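To keep things clear, I will list the structure first and then write my remarks on it.
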Amino acid sequence: ILRAFIRSLSVPQELEPAVRFETEPGRQMQVDWGTMRNGRSPLHVFVAVLGYSQMLYIEFTDNMRYDTLDTCHRNAFRFFGGVPREVLYDNMKTVVLQRDAYQTGQHRFHPSLWQFGKEMCFSPRLCRPFRAQTKGKVERMVQYTRNSFYIPLMTRLRPMGITVDVETANRHGLRWLHDVANQRKHETIQARPCDRWHEEQQSMLA
Numbered sequence: 186i187l188r189a190f191i192r193s194l195s196v197p198q199e200l201e202p203a204v205r206f207e208t209e210p211g212r213q214m215q216v217d218w219g220t221m222r223n224g225r226s227p228l229h230v231f232v233a234v235l236g237y238s239q240m241l242y243i244e245f246t247d248n249m250r251y252d253t254l255d256t257c258h259r260n261a262f263r264f265f266g267g268v269p270r271e272v273l274y275d276n277m278k279t280v281v282l283q284r285d286a287y288q289t290g291q292h293r294f295h296p297s298l299w300q301f302g303k304e305m306c307f308s309p310r311l312c313r314p315f316r317a318q319t320k321g322k323v324e325r326m327v328q329y330t331r332n333s334f335y336i337p338l339m340t341r342l343r344p345m346g347i348t349v350d351v352e353t354a355n356r357h358g359l360r361w362l363h364d365v366a367n368q369r370k371h372e373t374i375q376a377r378p379c380d381r382w383h384e385e386q387q388s389m390l391a
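Below you can see the structure in the form of structure tokens.
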């Protein structure tokens, strides 16, 4: 009986199946920060990905202040050629001051971000806590940027005595976006982001 009980404890529990949600064109952009390097010369990366096409934009910075976040958004909208109807965030301090401040799902956003959303005609949204599915696209893209772009670039330039600073990372990063990241066949959508982006762009606010 004891052995049977012990065996029952080792039986793996079935996990809730992960469901991939298809985002309609022009509806959503997901945003996150990634840190490539800390220390005296930090290197952070702003990552934005469109929900339908998986079109990717990255921008390297030396800080994650609100004014920098604002600038990165504007550059992303120019890169994508339009503004989506909503932007999905995690719990960034420069985005949300208090989650569920008024009631469940009614958050108190950073006033500058809220005003920026009104100016650009997008609605800020927060991903659901403890639900990685709601923000998985951009989190995967942070790792993809690190492994496919930053580490190879750093490895290539280090023997030449070149440090990957903000300017260097952005110069090489823009070329990588055009030549690699948005040209590859994306595993999730089984298509190239640049191809689906042409369709998505028609549904975004100009």
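If you count the sequence shown from 1, you need to add 185 to reach the numbering used here. Ideal Cβ positions, reconstructed from N, Cα and C, are used throughout, including at glycine. Remember, predicted model here, so these are calculated numbers, not experimental data.
Between which two residues does the alpha helix (DSSP H) harbouring residue i extend?
i	result
Leu298	Pro296 to Met305
Asp252	Tyr251 to Phe265
Arg381	Pro378 to Gln386
Rounded to whole angstroms, how far is the Cβ of residue i from the Cβ of residue j, which I believe are closer than 8 Å?
i	j	result
Leu241	Met326	6 Å
Pro309	Val268	That belief does not hold up - the Cβ atoms of Pro309 and Val268 are roughly 12 Å apart, past 8 Å.
Arg399	Arg369	The question about residue 399 has no answer here: the residues shown for the chain are numbered 186 through 391.
Ile243	Thr330	6 Å
Phe245	Ala391	That pair is no contact at about 27 Å.
Val323	Gln215	4 Å
Take the Cβ of residue i as the centre, count every other Cβ of all protein chains shown within 10 Å, and call the residue buried at 16 or more, exposed below.
i	result
Arg381	buried
Arg205	Caution is warranted here: a pLDDT of 47 is assigned to Arg205, below 50, making its placement in the model unreliable, and no coordinate value can be reported.
Gly236	buried
Gln291	exposed
Met389	buried
Gln239	buried
Asn332	exposed
Asn367	buried
Gln375	exposed
Thr208	buried
Glu384	exposed
Gln387	exposed
Asp350	exposed
Leu362	buried
Is the separation between the beta-carbon of residue i and that of residue j shorter than 9 Å?
i	j	result
His258	Met305	yes
Asp247	His229	yes
Leu298	Leu254	yes
Arg250	Thr279	yes
Phe301	Ala261	no
Asp275	Asp364	no
Tell me the residue span of the beta strand (DSSP E) that contains residue i.
i	result
Met221	Gln213 to Arg222
Ala233	Leu228 to Leu235
Leu273	Glu271 to Tyr274
Glu244	Leu241 to Thr246
For a minimum of 3 consecutive residues, which ranges assigned as the beta strand (DSSP E) are wholly contained in the stretch 309 to 376?
none
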